[in-house]
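>
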Amino acid sequence: MSGGFNDLAGLVEKIAADEEPRLIEIRRDIHAHPETAFEEVRTSATVARELSRLGITHQTGVGRTGVVGVIEGGRPGPTLLIRADMDALPIHEQTGLPYASTIAGRMHACGHDLHTATLIGIGAVLKQVAPQLSGRIKLMFQPAEETSESGAAAMIVDGVLDGVDMALGFHNHPDEATGTFSFITGITNGSSDEFDIVIRGSSGHAARPHQTVDPIVAAAHLVLQLQTIVSREIDPMHPAVLTIGAIQAGDTHNIIPDSCMLRGTVRTQDKRSRDLIEAALRRQCQGLEASLRVECEISYVRGVPSLVSDTHILETTMAAIREHYGDVVQQGRASLGAEDFALIGERVPAFQLGIGASQQGRDDRLHNSDYQPDERSIGLGVVALSLAAAKLLA
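Once you know that position 34 of the sequence shown is 34 in the UniProt record's numbering, the rest is easy, because the numbers rise by one and skip nothing.
#1: Would you check if there are 3 or more beta carbon pairs closer than 8 Å linking the stretch 251-259 to the stretch 339-359?
#2: Closest to Ala394 by C-alpha separation, out of Glu346, Arg75, Val329, Asp158, would be which residue?
#3: In whole angstroms, give me the CA-to-CA distance for Gly66 and Ser44.
#4: Using the Cα positions of Glu19 and Gly121, report the straight-line distance between them to the nearest angstrom.
#5: Excluding sequence positions up to five away, which residues of its chain have a Cβ less than 8 Å from the Cβ of Gln331?
#6: Give the list of continuous beta strand (DSSP E) stretches no shorter than 3 residues that lie fully inside the stretch 109-154.
#7: Taking 8 Å as the CB-CB cut-off, is Gly361 touching chain D?
#8: Can you tell me whether DSSP reads Pro174 as helix, strand or coil?
#9: For the ligand GDP, I want to know if Ala240 counts as a neighbour, meaning its beta carbon is within less than 7 Å of at least one of the ligand's heavy atoms.
#10: Check each candidate in Arg64, Ala88, Ala48, Met86 and name the one with the smallest Cα separation from Val70.
#11: How should His173 be labelled, buried or exposed, when 16 other C-beta atoms within 10 angstroms of its C-beta is the threshold for buried?
#12: Can you give me the C-alpha to C-alpha distance between Pro305 and His205, rounded to a whole angstrom?
#13: Please confirm whether Ile247 and Leu224 have their CB atoms less than 8 Å apart.
#14: Three or more C-beta pairs closer than 8 Å, one from the stretch 289-307 and one from the stretch 188-203: is that the case here?
#15: CA-CA distance, Lys14 and Ala390?
#16: Can you give the beta carbon distance from Arg362 to Gln372, rounded, assuming they're within the 8 Å contact cut?
#17: Take the Cβ of Gln286 as the centre, count every other Cβ of all protein chains shown within 10 Å, and call the residue buried at 16 or more, exposed below.
#18: Who are the near neighbours of Arg282 in its chain, counting only those whose CB is closer than 7 Å to its CB and skipping five residues on each side?
#19: Starting from the N-terminal side, write out each stretch of the beta strand (DSSP E) that is 3 residues or longer and does not extend beyond the stretch 293-376.
#20: Measuring CB to CB, does His92 end up less than 8 Å from Ala100?
#21: Within this structure, are the beta carbons of Leu226 and Gln284 separated by less than 8 Å?
#22: Give me the residue from Val230, His112, Gly337, Val157 with the minimum Cα distance to Thr36.
#23: Thinking C-alpha only, which one of Gly151, Asp165, Ala153, Ala154 is nearest Gly77?
#24: I need the DSSP call for Ile197, collapsed to helix, strand or coil.
#25: Using CA coordinates, which residue listed in Ser369, Gly379, Arg376 is at the minimum distance from Gly96?
#26: What ranges does the alpha helix (DSSP H) occupy inside the stretch 39-101, keeping only unbroken runs of at least 4 residues that lie completely in it?
#27: Return the chain-ordered list of same chain residues with a C-beta closer than 8 Å to the C-beta of Ala17, the five sequence neighbours on each side being excluded.
#28: On the three-pair Cβ rule with 8 Å, is the stretch 338-348 touching the stretch 231-241?
#29: Below 8 Å on the Cβ atoms is my guess for Asp87 versus Glu40; work out the distance and round it to an integer in Å.
#30: Looking at the structure shown, is Ala28 part of a helix, part of a strand, or coil, going by DSSP?
#31: Which residue or residues does DSSP assign as beta-bridge partners of Ser191?
#32: Between Ser386, Ala388, Glu375, which has its C-alpha nearest Ala177's C-alpha?
#33: Nearest to Cys110 by alpha carbon, out of Asp175, Ile277, Glu72?
#34: Apart from the five residues on each side of it in sequence, which residues of its chain come closer than 7 Å, Cβ to Cβ, to Val125?
#35: At the level of alpha carbons, what is the spacing between Gly345 and Val308?
#36: Specify the secondary structure class of His221 as computed by DSSP and reduced to three states.
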């Protein structure tokens, strides 16, 4: 078995190396033409063109702008889904690179251009080694990961998980060295909920506040009160964050407005904490209405759940990487960042691999206008994930 895996690994390395220059070219083209959520028409066309070049059967228009490729193995077996996200962010690029974004206010600042190119490369490898594998591979090129209207959810509605037994995801990490890979056991990230609260009062002249009901004062009280939910009602051993990200009210100096809007997010890793925070937020709004004579209109939307790593997929993936690359694996840290790959993990066993992408001498961060990941992470990710797929479908 070891000899067979080593022989396969050599073939995987060769195919990946042959494809790497084209994958970098594809990544740079996608980077120069970023498309945000559900607008990935050009990106999807690029993916479809490359899948056709590789002889991979595929379907477009899945979840509006998603693409799904299918590779049949040489023997019956389970179906493995491998997912990459494709959308860019509403950020104006500041890198100055020759292939920088050509669209003002749009940028691939989270590396989804890397992910798309990597999954194309994985398709190139697995198409050639498919006769040696059992089962089937689905390549899921997903739109709209960066928005509350989830592209994963849209593709699930369109049947992307039909017949799927397990799933692999991956993400580049600018804080981890290129050539290294990371994993998180158990709960890997946070659930993500969003809320809007409109506080309605009664407008009037700023010089006569007694003739008004001031929604801004009420909002100020509420912002401080909401911060006590996590600090005083949630078990401190359970991570949770409630953040107010926007306050909107009024137009000028001397008028107390009719209303004030608060917008915020709630992140947790524990279902009970998630329920408690929503209930406490609603209760505090009721208290505000009674104490300050305002009315509160609440829109509270549950987003994606936390992702939980499947032990078998995690261990098999990391074993494949160690067997080929050696001691380049490290345990990562869970966070409260959200990821709609969790919607897939909610339905089938799943694991998301971290791929180091830092450039020496730089201190890059995701969602930053000067983000410049190391493109070598594309070829490394192709090899690592292809070998993981081979082990899972041995």
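C-beta atoms are modelled at their ideal positions from N, C-alpha and C, and glycine is treated no differently.
Straight from the coordinates:
#1: A contact between stretches requires three or more CB pairs, one per stretch, nearer than 8 Å, and the stretch 251-259 fails this requirement with the stretch 339-359.
#2: For the purposes of this step, residue 394 is taken as the residue at position 394 of the sequence shown. The residue with the shortest Cα to Cα distance from Ala394 is Arg75.
#3: The count along the sequence shown starts at 1 and reaches residue 66 at position 66. The count along the sequence shown starts at 1 and reaches residue 44 at position 44. Inter-residue distance for Gly66 and Ser44 is about 7 Å (C-alpha atoms, whole angstroms).
#4: Translated into positions along the sequence shown, residue 19 becomes position 19. Translated into positions along the sequence shown, residue 121 becomes position 121. So the two alpha carbons sit approximately 7 Å from each other.
#5: In the sequence shown, residue 331 corresponds to position 331, counting from 1. Within the same chain, Gln331 has close Cβ partners Ser182, Phe183, Ile184, Thr185.
#6: DSSP runs (the beta strand (DSSP E)) wholly in the stretch 109-154: 134-142.
#7: Reference to chain D is not applicable here, since this structure consists of a single protein chain.
#8: As a first step, residue 174 is located in the sequence shown; it is residue number 174 there, counting from the start. Of the three classes helix, strand and coil, the one that applies to Pro174 here is strand, per DSSP.
#9: Questions concerning the ligand GDP fall outside what the structure shown contains, since it holds no ligand whatsoever.
#10: Reading the sequence shown from its first residue, position 70 is the one you call residue 70. With distances taken between Cα atoms, Val70 lies closest to Ala48.
#11: The residue given as residue 173 occupies position 173 in the sequence shown. Buried, because 16 or more other Cβ atoms sit within 10 Å of the Cβ of His173.
#12: Reading the sequence shown from its first residue, position 305 is the one you call residue 305. Reading the sequence shown from its first residue, position 205 is the one you call residue 205. Those two C-alpha atoms are separated by around 45 Å.
#13: Along the sequence shown, read from residue 1 onward, the residue named residue 247 stands at position 247. Along the sequence shown, read from residue 1 onward, the residue named residue 224 stands at position 224. Leu224 is positioned such that its CB atom lies no closer than 8 Å to that of Ile247.
#14: With the cut-off at 8 Å, the stretch 289-307 and the stretch 188-203 touch.
#15: As a first step, residue 14 is located in the sequence shown; it is residue number 14 there, counting from the start. As a first step, residue 390 is located in the sequence shown; it is residue number 390 there, counting from the start. The C-alpha of Lys14 lies about 15 Å from the C-alpha of Ala390.
#16: For this step, residue 362 is matched to residue 362 along the sequence shown. For this step, residue 372 is matched to residue 372 along the sequence shown. So it is a contact: roughly 6 Å between Cβ atoms.
#17: Taking the sequence shown and counting its residues from 1, the one referred to as residue 286 is at position 286. Around the Cβ of Gln286, a 10 Å sphere holds fewer than 16 other Cβ atoms; the residue is exposed.
#18: Mapped onto the sequence shown, residue 282 falls at position 282. For Arg282, where only same-chain residues beyond five positions count, the Cβ hits under 7 Å are Ile298.
#19: Within the stretch 293-376, complete beta strand (DSSP E) segments of at least 3 residues are found at 295-302, 329-331, 350-358, given in chain order.
#20: Reading the sequence shown from its first residue, position 92 is the one you call residue 92. Reading the sequence shown from its first residue, position 100 is the one you call residue 100. It is not a contact, given that the beta carbons lie outside the stated cut-off.
#21: For this step, residue 226 is matched to residue 226 along the sequence shown. For this step, residue 284 is matched to residue 284 along the sequence shown. Yes, the pair counts as a contact, with Cβ atoms nearer than the cut-off.
#22: Along the sequence shown, read from residue 1 onward, the residue named residue 36 stands at position 36. Taking each of Val230, His112, Gly337, Val157 in turn and checking the Cα distance to Thr36, the smallest one comes out for His112.
#23: As a first step, residue 77 is located in the sequence shown; it is residue number 77 there, counting from the start. Closest by C-alpha distance to Gly77, out of Gly151, Asp165, Ala153, Ala154, is Asp165.
#24: The residue you call residue 197 lines up with position 197 of the sequence shown. Ile197: strand per DSSP, three-state reduction.
#25: Walking along the sequence shown from the start, residue 96 turns up at place 96. Closest option to Gly96, Cα to Cα, is Ser369.
#26: For secondary structure counted as the alpha helix (DSSP H) over 4 or more consecutive residues, the stretch 39-101 holds these complete runs in sequence order: 41-53.
#27: The residue labelled residue 17 in the question sits at position 17 within the sequence shown. Closer than 8 Å at the Cβ level, and outside the excluded window around Ala17, lie Gly379.
#28: Taking a cut-off of 8 Å for Cβ pairs, the stretch 338-348 and the stretch 231-241 do not touch, as fewer than three such pairs fall below it.
#29: On the sequence shown, residue 87 is found 87 positions in, with the first residue counted as 1. On the sequence shown, residue 40 is found 40 positions in, with the first residue counted as 1. About 6 Å separates the Cβ atoms of Asp87 and Glu40, confirming a contact at the 8 Å cut-off.
#30: In the sequence shown, residue 28 corresponds to position 28, counting from 1. At residue 28 the sequence reads Arg, which differs from the Ala that was named. Residue state, collapsed to three classes: helix.
#31: Your numbering for residue 191 matches position 191 in the sequence shown. BP columns for Ser191 point to Thr268.
#32: The count along the sequence shown starts at 1 and reaches residue 177 at position 177. Distance check between Ala177 and each of Ser386, Ala388, Glu375 places Glu375 closest, using alpha-carbon atoms only.
#33: Residue 110 sits at position 110 when you count from the first residue of the sequence shown. Ranking Asp175, Ile277, Glu72 by CA distance to the CA of Cys110 puts Asp175 first.
#34: Mapped onto the sequence shown, residue 125 falls at position 125. Taken in chain order, the residues that qualify are Val12, Ile15, Ala16, Val382, Ser386.
#35: To locate residue 345, count along the sequence shown from 1; it is residue 345. To locate residue 308, count along the sequence shown from 1; it is residue 308. The alpha-carbon separation between Gly345 and Val308 amounts to approximately 7 Å.
#36: Locating residue 221 in the sequence shown gives position 221, where the first residue counts as 1. Note: His221 maps to helix in three-state DSSP.
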